[in-house]
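In what follows, a single structure is set out as structure tokens and then discussed.
Chains as they are written, first to last, in our numbering: chain P, 1 to 460; chain E, 1 to 460.
Structure follows, in structure tokens:
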């Protein structure tokens, strides 16, 4: 036999079980998006190269996959590139279709993106992104709804999470009050690493990046801020008293927490306050698998965020952020439509998949969609099985008929491999009685059943 | 403002309504596939260029989109190309994963493909294919199940169709008995056009393609064959008496029609025979929107078919084939795994979309997923609305809250544009009574309702 064919490095085939599991994740997310009126769009895999170039920094430009048209002469065909993320195509979409869109525009998008990154464990050249955004409104109800969506998605998936939240305006205020307003990027990049490398290393990095000893010193109260959300925000109001933008950031956070509180039922609040002295008990609205943490060390790399920023971490798995995003004020400016504010988050499907696998949280039913396999002893039995199968399918039951009267061992082996829970065996005796011998593949039990019984049994 | 951004020619953005409609088509197809135990797989958008080249003929090679990696030197990176169809990647998948696969392997795949074709009306450079195949069994139950799937998918979509069926072995037999076995491709290409160009033009083309007058003459009884399915097959047995392969093809068709008949309930048969004298009344099993036609002029262009071939046409729209496929014996041979028989069909999503649009068959509910929009007069009312929204969503109802207390006209306009059927208006009076003013956007009727009433009303 020839050498086995293969696929490009960094890409993946998804088999049936992986697809069932991926669809479970996407369907869960999609149905929660639907409850909030977000609607799906899709954009082409390829964009004009001008749409993509210069949007992801110099490094990003290098990671674009470019497309050549075999048939056309290179010079005559306008250059194209594969979608690198969903954000830039979304911005392009909004500008291109702005006259058809009802603002505020609530859209989600679940599509693959491609990056010519060096492939490594957990990093692929083709992977799905799953983005949800509301654009064309600066109401903080956008932030509230995204928080509620995060809570509901992870509740449905059974993953306990903490949503870390911060605000770029607070970070800008901090840079301002320590006298280094031009260093905001350096400061955020450094303090973003606080969790990973610790305060000493962060301070060293800040100095390397050009902050004076005094400036680093001035930053320490913020790096060490703790207490309840209310306490942190109160302290910040003092620290940022001279920074207009900083105070604006604090006010936004107060409003967001107040909206979360306003939509938390009194029952949930009672549950939560029983376990916490914090004033804004609503930071743990569900009291169980979901909490919100005002995390002043959260910065997120992307430059276009201008308000709230989010990152979600699974409590029971060490895997980094599984969802993240934030508020931006000028996403569409690059395509000539300035001053459109929006807020959005992105669910990391691959990481969510890994968390669900690690914590063994995928429903067992995803193993097989087929509820029963018909195994027949001969051609007549096969036709008999086909008639039963038709009836069962008309009742919404997923059925397979093994297509040949093969050895019973082979047919059973097929059911085993596909993890089909029941096999309906058809021989001459069963046909004579107008029944099938139903075998439970888990318990091994067998019993003769009529068609009506079988429908009832499988419809449970 | 800068020039509006655009997308590459031959590609499309799909807005919310288009996406809802496309998802309706794919979800319908997917759920029917599921009833038969077909499971979804996905393959990467890019394949190694060697996997694709030479698989689609010289023309196809020219239509491949090739991918360049911006960062890598052209020489160091193995060449890649975008998926041109789902068939070749599927064959590659089967060979690559043959040790993990349980045969017969029933898979479906719904993904975009890319072709550098000249874009024109109805022909795109990026479009979805939707393929379903069973591979690793030569049982004609494969053909039966695909016929049943076609019937059920179009029944659910409400499209009346005729499934045209033929067999490549019969076509080979015909070439053999007229003494032109090497001309089978020329013969099938020519008679494939019978519907479009008529018998005279087909005869002329056959002569151009090198058939003698006698050979063309010998072909006439076949081109003019009519009557019931049984009559056609009986006549063919005489015509093809000296061709082993031809008789094999006839036997396969007899078996397929017999399987369809065996799985057609007596009730359906009674209904059907009341309107037809044909013996195999099962050719119209549902008696309504579905019929099967043994069509000896059906050839289909692709060379790899070796048995039954299918094409489905909508009865009420002039749009060509909306589903097609057939039996192949050597799909995986190109990748070194010979003698694996399979049968598959492909649903043409774009054409199905056009038929549903033309016949106005899309469910109206696809217009909006949101059932009610909350429109508030002020900030307090907004918080009140957010609490109600949370309750409704907990009951599975899709809700939006207009994120600002904007002018009522603006909020109503938003509901209109998004075709949201109800608006819940919240002012001070409504809050005082613990109610909302519910406006039916179709009838214009308004009434005060409590939360429980609203849940009941929207859950219907």
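Every residue gets a Cβ at the ideal spot worked out from N, C-alpha and C, and that includes glycine.
Residues bridged to residue i by DSSP?
i: residue 205 of chain E; result: According to DSSP, residue 205 of chain E bridges with nothing at all.
i: residue 373 of chain P; result: P/400 and P/423
i: residue 310 of chain E; result: E/165 and E/325
i: residue 114 of chain P; result: P/126
i: residue 80 of chain E; result: E/48 and E/67
i: residue 439 of chain P; result: P/423 and P/446
i: residue 134 of chain E; result: E/106 and E/343
i: residue 36 of chain E; result: Answer is none; residue 36 of chain E lacks a bridge partner.
i: residue 291 of chain P; result: P/162
i: residue 305 of chain P; result: P/328
i: residue 120 of chain E; result: E/123
i: residue 42 of chain P; result: E/14
Please compile the residues from chain E whose C-beta is within a distance smaller than 9 Å of the C-beta of residue i.
i: residue 46 of chain P; result: 7, 8, 11, 65, 82, 114, 125 and 126
i: residue 96 of chain P; result: 4, 5, 6, 7 and 13
i: residue 51 of chain P; result: 5, 6 and 7
Starting from the Cα of residue i, find the closest Cα among the options and give me that residue.
i: residue 169 of chain P; options: P/261, P/447, P/304 and P/319; result: P/304
i: residue 79 of chain P; options: P/67, P/87, P/443 and P/379; result: P/67
i: residue 455 of chain P; options: P/396, P/202 and P/224; result: P/396
i: residue 165 of chain P; options: P/444, P/108, P/250 and P/219; result: P/250
i: residue 13 of chain P; options: E/83, E/30, E/199 and E/10; result: E/83
i: residue 227 of chain P; options: P/416, P/195, P/295 and P/212; result: P/295
i: residue 208 of chain P; options: P/195, P/183, P/328 and P/196; result: P/183
i: residue 437 of chain P; options: P/418, P/408 and P/413; result: P/408
i: residue 380 of chain P; options: P/217, P/439, P/357 and P/427; result: P/427
i: residue 17 of chain P; options: E/64, E/41, E/345 and E/260; result: E/41
i: residue 95 of chain E; options: P/4, P/115, P/9 and P/187; result: P/4
i: residue 323 of chain E; options: E/336, E/355, E/203 and E/307; result: E/355
i: residue 45 of chain E; options: P/53, P/206, P/112 and P/64; result: P/112
i: residue 449 of chain P; options: P/443, P/215 and P/429; result: P/429
i: residue 443 of chain E; options: E/457, E/421, E/319 and E/460; result: E/421
i: residue 229 of chain P; options: P/383, P/293 and P/181; result: P/293
Using a C-beta to C-beta distance shorter than 7 Å, which residues of chain P count as neighbours of residue i?
i: residue 93 of chain E; result: 13
i: residue 142 of chain E; result: 403
i: residue 306 of chain E; result: Correct list: empty, because the minimum Cβ distance to chain P is about 17 Å.
Which residues in chain P have a C-beta closer than 8 Å to the C-beta of residue i? List them in chain order.
i: residue 41 of chain E; result: 13, 14, 15, 16 and 19
i: residue 36 of chain E; result: 393, 398, 399 and 400
i: residue 68 of chain E; result: 65, 66, 67 and 68
i: residue 456 of chain E; result: Simply none; closest approach about 18 Å.
i: residue 259 of chain E; result: 383 and 386
Given that residue i touches chain E, what residues does it touch there, using C-beta distances under 8 Å?
i: residue 262 of chain P; result: 383, 386 and 387
i: residue 407 of chain P; result: Chain E residues near residue 407 of chain P: none, gap ~14 Å exceeds 8 Å.
For residue i, return the contacting residues in chain E, with the cut-off set at a CB-CB distance below 7 Å.
i: residue 418 of chain P; result: 102
i: residue 414 of chain P; result: 102
i: residue 390 of chain P; result: 263
i: residue 139 of chain P; result: 403 and 404
Less than 7 Å between the CB of residue i and some heavy atom of the ligand FAD, yes or no?
i: residue 323 of chain E; result: This structure lacks the ligand FAD, and indeed carries no ligand of any kind.
Determine, using beta-carbon pairs with one atom in the stretch 10-29 of chain P and one in the stretch 341-350 of chain P, whether at least three such pairs fall under 8 Å. yes
Would you call the stretch 288-305 of chain E and the stretch 157-165 of chain E in contact, with 3 or more CB pairs under 8 Å? yes
Cβ contact (3+ pairs, closer than 8 Å) linking the stretch 359-379 of chain E and the stretch 48-55 of chain E: no
Please list, in chain order, the residues of the stretch 325-346 of chain E that have any C-beta partner in chain P closer than 8 Å. 335, 336 and 337
Decide yes or no for the touch test of the stretch 51-70 of chain E against the stretch 97-106 of chain E: beta carbon pairs closer than 8 Å, at least 3 of them. no
Say whether the stretch 217-237 of chain E touches the stretch 305-313 of chain E, bearing in mind that this needs 3 or more beta-carbon pairs closer than 8 Å, one atom from each stretch. no
Do three or more CB pairs link the stretch 34-42 of chain E to the stretch 11-23 of chain E at distances below 8 Å? no
Under 7 Å (Cβ pairs) to chain P, residues found in the stretch 360-375 of chain E: 369 and 370
Three Cβ pairs or more, each shorter than 8 Å: is that satisfied between the stretch 334-345 of chain E and the stretch 122-142 of chain E? yes
At least three beta-carbon pairs within less than 8 Å, the stretch 400-413 of chain P to the stretch 371-384 of chain P: yes
For the stretch 189-206 of chain P, which residues have a CB atom closer than 7 Å to at least one CB atom of chain E, in sequence order? none
Any contact of the stretch 189-197 of chain P with the stretch 254-266 of chain P, i.e. 3+ C-beta pairs under 8 Å? no
Under 8 Å: do the stretch 323-333 of chain P and the stretch 216-224 of chain P share three or more Cβ pairs, one atom per stretch? no
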